[in-house]
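Numbering (our numbering), first residue to last: 34 to 89.
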Ligand SMILES: [Zn+2]
């Protein structure tokens with residue numbers, strides 16, 4: 034399974050909506066706060082995921 038955030042092939046992790054998230058990215062996302070620079074990056078990724086879900 035390829036992680037939707039880091040694009041690496043990881044076996045561990047969870048299925049989130051239609052995509053796979055590895056434990057490392059999941060951990061990073063949960064630690065990210067709104068004021069962090071990374072926050073916007075993750076939001077953009079999730080917007081793309083939601084767009085893809087609407088297609089199906
Ligand atoms: Zn990842």
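Don't be surprised by glycine CBs; every beta carbon is placed ideally from N, CA and C.
Looking only at 49, 38, 63, the smallest Cα-Cα distance to residue 86 is reached by 49. Beta bridge pairing from DSSP links residue 57 with no other residue.
Straight across, the Cα-Cα distance linking residue 44 with residue 34 is about 6 Å. Residue 64 sits in a helix when the DSSP states are folded into three classes. Here the alpha carbons of residue 56 and residue 47 stand approximately 7 Å from one another.
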